[in-house]
Structures are given as structure tokens and as C-alpha cells.
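What follows is a short report on a single structure.
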Amino acid sequence: MELTEQSCPGGSRLSLNSMDNTRDLGGIEVKGGLRIRPGRLLRSGDLYHVSLDDQNDLRRKYKLKTVIDFRTEAEQKERPDEIIYGVEYISNPVLAESVMGITREKETMEQFFHFTGDGEAYMHRLYENLVMHRRAQSAYGSFFRLLKHHGDGAVLWHCTAGKDRAGVGTALLLHILGADQKDILEDYMASEVYLQPETEAVLRMLDNRGVPRRVLKNVELFLQVKESYLLQAFEKIKEKYGTMDKYLQKALRLSPFDMNFLRDRYLF
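Using our numbering, you'd call the opening residue of the sequence shown number 8 and step up by one each time.
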């Protein structure tokens, strides 16, 4: 069954077996009683070891044309996306390894499992960097220009789990398209529900390995989705730029024409 403007509830999860946090923004209501077109804007976790059935569904049912990868180069090499026939792949790292706290000496998740600092402070710094670091601003600006010039079919953007870098990018996009803060936060927090089984499995595995409680708590913080993280990012934007629209124009170099063009393209 192909997606239609009537068949897609707002922000629904795609019926994929190997991708728990892949969602279509189609159907989300925005200002003026308009809605986001279904089958065009997909947010996700990575495409590492995606099943053949899911690859076929993404290409045929959801008309996937482009994948935009927000991960660092190290993460992309460690867990490369499966290549789907006919789909264009664009590497667009939001932050460098040094800002993410990643080195090339060990696997990314192994580094987080051995993190001994303050996990809560790390996550707050991460979200501040996601909206304030010049690299992130440039990457998100490029992301929106890619969406502006995209043709028919769906665009899928992702980080690793689809909650932090993809979450902030999606929140900014939803603001541009006219969603209110309540709906932006609701979409952001949906990742907590969809990722919960995986989070619990990882924590059980680490607990069985005898990992210290402090490390377990930090890993839980890294894997969780917390409303306060995104709200802090919004507050940093307000502190420096006054309004979200000024941030989008000054930091991400998006003109009012660019934003109106995105609304015309992706709303109905």
C-alpha cells in the first residue's frame, strides 16, 4: 500500500522490522490547519544491517530517494549504512569526533560504556553544541538546503539512534514548517518509547557484565531521550538570538524565501 495524504497519521512510525525509530513526519498538523505531506520526510536511526525486506519497503513503498547521514566519519566507518539500490547517500556530519568526545582508538559505543565523567553534563553540552557550534549550524543549514532542492520521493536523515542529532534537526525543521512547541516536543519524545526495548537490553547486558553503577547510570543517560535536553537547546537559541527565526536566518543562513519554499514543498 502506498502512502496517501489521508492514510498517514501524524508522525507515525514506519512498519519496518529492523528499524525501530524510523518515522514519517507526514500528517503532523501545523499553523493554518495545514499538514506535512506523507512519504516525503523520514527521520531515523542508522541503516546498519537493515533487512532486505525493509530495504525493499523503503525503496518501493516509501519511495526513498536520498539518505542524509549526520554521524561522524568514524561512526560511518564503524557502522556503515546498507546501500539501497537507487538511493543517493549524502554524508553531512553535524559535529566532529572531537566535539562528540569520540576518538579513533576504540569503537564508539565502547568509549561511552567506559565514560567516567558526568553523563548529565555531557548531554547538556552536546545539545548546546548541536545548536551553537559552527559546524552544527553549517550542517543543519546544508540539510535544509538539500530538502529545499529535493525532487520527488522521500528523504531520510539519521544519526546513530535517531534521537539527538536527528532529533534537533527534526525539531528545527518542524519549527520552519509551522509546528507548535507541543507537537515538536511530542515528536522528539516519541524516540524514548520506540528505543526503550533496546535501551533496557543494553543496560541488562552491562549489568550482567558487572559494570559499575556510575557507568550504568551514564550509559542510561546517553541512551535516554529527555525533554529537558531539547528545551535547553531552545533556551540557548533564545539567549543568543532572541527568536528561533532569527537563529535560522543568522546562524543557519536560511532566508525567509528559503523557509517559505520549504513550507510550499512539504505542506498540503
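Just so you know, even glycine gets a beta-carbon here, dropped at the ideal spot from N, CA and C.
| Asked | Found |
| --- | --- |
| Assuming contact is defined by CB atoms lying nearer than 9 Å, are residue 193 and residue 18 in contact in what I supplied? | yes |
| Starting from the Cα of residue 154, find the closest Cα among 267, 40 and 34 and give me that residue. | 267 |
| Looking only at its chain, what residues have a beta carbon closer than 6 Å to the beta carbon of residue 8, apart from the 5 residues adjacent to it on each side? | With a pLDDT of only 36 at residue 8, under the threshold of 50, the placement of this residue in the model should not be trusted; the figure read from the coordinates follows. So the list is empty, once near-sequence residues are dropped. |
| Thinking just about the alpha-carbon of each residue, which of 96, 52, 248 and 256 is nearest to the one in residue 145? | 256 |
| Which first and last residues belong to the alpha helix (DSSP H) in which residue 182 is found? | 172–184 |
| Quick one: what's got a C-beta closer than 8 Å to residue 142's C-beta in the same chain, skipping five residues either side? | 100, 101, 102, 103 and 106 |
| Please give the ranges of any alpha helix (DSSP H) in the region 124–174, keeping only runs that are unbroken, at least 4 residues long and fully inside the region. | 126–139 and 141–156 |
| If you count every other CB in all the chains shown that lies within 10 Å of the CB of residue 59, and 16 or more means buried, which is it? | exposed |
| What first and last residue would you give for the alpha helix (DSSP H) that runs through residue 270? | 263–273 |
| Using a Cβ distance threshold of 8 Å, determine whether the region 232–246 contacts the region 189–207, with at least three qualifying pairs required. | yes |
| So is residue 187 buried or exposed if we call it buried at 16+ other beta carbons inside 10 Å? | exposed |
| I'd like to know whether the C-beta atoms of residue 50 and residue 240 end up nearer to each other than 9 Å. | no |
| Going by DSSP, which residues form a beta bridge with residue 50? | 30 and 164 |
| How would you call residue 38, buried or exposed, if buried means at least 16 neighbouring beta carbons within 10 angstroms? | exposed |
| With DSSP run on the structure shown, which of helix, strand or coil describes residue 244? | helix |
| CA-CA distance, residue 62 and residue 20? | 16 Å |
| May I have the straight-line CA-CA distance separating residue 122 from residue 222, to the nearest angstrom? | 7 Å |
| Just to confirm before moving on: does the CB-CB distance between residue 165 and residue 94 stay below 9 Å? | no |
| Which of helix, strand or coil does DSSP assign to residue 36? | strand |
| Taking DSSP as the reference, what is the three-state secondary structure of residue 252? | helix |
| Locate the alpha helix (DSSP H) running through residue 201, then write down its first and last residues. | 188–215 |
| My understanding is that residue 89 touches residue 131, with C-beta atoms under 8 Å, so please give their C-beta distance in whole angstroms. | About 33 Å; that fails the 8 Å criterion. |
| Does the distance from the C-beta atom of residue 261 to that of residue 32 stay below 9 Å? | no |
| Check for me: the alpha helix (DSSP H) holding residue 232 runs from which residue to which? | Run containing residue 232: none; DSSP gives neither H nor E here. |
| Buried or exposed: which applies to residue 275, given that a residue is buried once 16 or more other Cβ atoms fall within 10 Å of its Cβ? | exposed |
| Drop a sphere of 10 angstroms on the beta-carbon of residue 258, count the other beta-carbons inside from all chains shown, and report buried for 16 or more, exposed for fewer. | buried |
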